[in-house]
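This report refers to the structure that appears directly beneath it.
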Ligand SMILES: [Zn+2]
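In my numbering, the protein residues as written are 892 to 1337.
Shown next, in the form of structure tokens:
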């Protein structure tokens, strides 16, 4: 059976979703009904089908899950995903990343963005929060491609006023120009496509931004209601350099705090090495962290103590950090995140200090609802519940079975475990945002 392309529709399939109220809903024989505007009007057992419901497309034994939320990725870097293993962050940026970003003008963005959005959807990601390059026109191209594709996207023009690759602008003019360009992009794109597209003011990180830029960018985000995203505490070398550049700041988080950058619309990537003071300050301000475990191991940045952060009340979602991470898949982030938690214990960080160990259903929640909540979209997406918008993926569990013909896992925790530990690049067979099917999944014949 062909999965439906446009709403309204009803799908009969297995359902697995975290719930806003906590816990998980699992329906071995489930039904999802989506109305003409792309909203979920029913998610439950097929036996409880409302009397007036239209006929359902029967996609059993495939599984419907909420779409994954990738809280951190870099659009221009996608072509170098999987390259540069063994380098530290700052060397890797110089050698593999800045050359790509420097060349990411409007035409490069027009070439890459449509296939990039299809690749995100193919990996099961229906919401992506991404960094662009520094050029305004390339951001327009990225937004236009997202608008046409249908993915839910939050994008921002990278802002840098030192150590930048933006060589056409006199250093004295960079601050004014990057603020003006960001403001224009916010006006054009923040809230576009009925709120499906949003803008994130995006100073790269403290090393490439002066205190003025950090402060002005935070104030721009606050005055326009846009998000504010940057990197924090990723790598020891980076942390030392930030300490040298901002000698008055108490620590890395304090650099952003002094700029007015912390708050509920702020998403900070990494936060691998946060001190207790930094952690407490992020919790206190309602700031969010994008945990990118694949990238953190690829670049040998460190192993984040996720359990301890969650126990402290920090809001955390998952990010691919492509191309710091080689893969777009949030299921891969779950798997590697789990291994990081175990590796910390092996390395002797165990005990109460390291906090709780997440189980597969916890990881599934983090990759979907956790990310949605970090974006302030917890009431809109992140789970398959009545009243939410239908951001949904369809997975064929036979791709994650250890051998052909093995019966499907009946237990929901076992299914979640297979999906994260045996995730397969072709297992996502369809993805929808607001009930509209996205191109990308199932693109390759299998
Ligand atoms: Zn990053």
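Ideal Cβ placement from N, Cα and C applies to all residues, glycine included. Quick caveat, the model's predicted, so the values are computed rather than measured.
In this structure residue 1086 is exposed. Its beta-carbon is surrounded by fewer than 16 other beta-carbon atoms within 10 angstroms.
Of all C-beta pairs linking the stretch 1154-1168 to the stretch 1250-1268, three or more are shorter than 8 Å, placing the two stretches in contact.
In this structure, the beta-carbon distance from residue 1179 to residue 1197 does not fall below 8 Å. For residue 1195, there is no enclosing beta strand (DSSP E), as DSSP marks it with neither H nor E.
Put simply, of 1043, 974, 981, 1090 the residue whose alpha carbon is nearest the alpha carbon of residue 1031 is 1090. For residue 1215, the CB falls within less than 7 Å of some heavy atom of ligand 1. For residue 1212, the number of other beta carbons within 10 angstroms of its own is at least 16, and it is reported as buried. For residue 1164, there is no enclosing beta strand (DSSP E), since its DSSP letter is neither H nor E. Under DSSP, residue 1046 takes part in a beta bridge, and its partners are 1021, 1090. Sorting 1072, 1135, 1066 by C-alpha distance to the C-alpha of residue 1105 places 1066 at the top.
Check the Cα spacing between residue 1244 and each of 1004, 1227, 1255, 1203: the tightest is with 1203.
Contact annotation: residue 957 and residue 1283 have beta-carbon atoms nearer than 8 Å. Our two residues, residue 1166 and residue 1231, have alpha carbons roughly 19 Å apart in a direct line.
With contacts defined as CB atoms closer than 8 Å, residue 960 and residue 1326 fail to qualify as a contacting pair. Around the Cβ of residue 1296, a 10 Å sphere holds fewer than 16 other Cβ atoms; the residue is exposed. Secondary structure note for residue 963: its beta strand (DSSP E) is the uninterrupted segment 959-965. Within the chosen limit of 7 Å, ligand 1 does not reach the beta carbon of residue 1202 with any heavy atom. Check the Cα spacing between residue 1286 and each of 1012, 970, 934: the tightest is with 1012. Residue 1111 and residue 1036 have their C-alpha atoms spaced approximately 25 Å apart. Taking the Cβ of residue 1212 as the reference point, at least one heavy atom of ligand 1 falls within a distance shorter than 7 Å. As DSSP reads the structure, residue 935 sits in a beta bridge with 922.
In this structure, the alpha-carbon of residue 1315 lies about 12 Å from that of residue 1333.
Taking the Cα of residue 1140 as reference, the smallest distance to any Cα among 1102, 1173, 1116, 1113 is reached at 1102. Apart from the 5 residues on each side of it in sequence, residue 897 sits with its Cβ closer than 8 Å to the Cβ of 1326, 1327, 1328 in its chain, given in chain order. Within 10 angstroms of the beta-carbon of residue 1233 lie fewer than 16 other beta-carbons, which makes it exposed. At the C-beta level, residue 1124 and residue 1147 stay beyond 8 Å of one another.
Here DSSP, grouped into helix, strand and coil, assigns residue 897 to coil. Partner residues in the beta bridge of residue 1119, as assigned by DSSP, are 1092, 1157. Counting C-beta pairs with one atom in each stretch, the stretch 960-979 and the stretch 1011-1029 have three or more that are closer than 8 Å, which means they touch.
Sequence-distant Cβ neighbours of residue 1226 in its own chain, meaning closer than 6 Å and more than five residues away, are 1311, 1312.
Residue 990 counts as exposed, since fewer than 16 other beta carbons sit within 10 angstroms of its beta carbon. Here residue 943 is exposed, its C-beta having fewer than 16 other C-beta atoms within 10 Å. In this structure, the straight-line span from the alpha carbon of residue 1010 to that of residue 1188 is close to 22 Å. Rounded to the nearest angstrom, the gap between the Cα atoms of residue 1300 and residue 1306 is 6 Å.
Ligand 1 never approaches residue 1004 closely enough for any of its heavy atoms to be under 7 Å from the residue's Cβ. For the options 1050, 1063, 995, the alpha carbon positioned closest to that of residue 1072 is the one of 1050.
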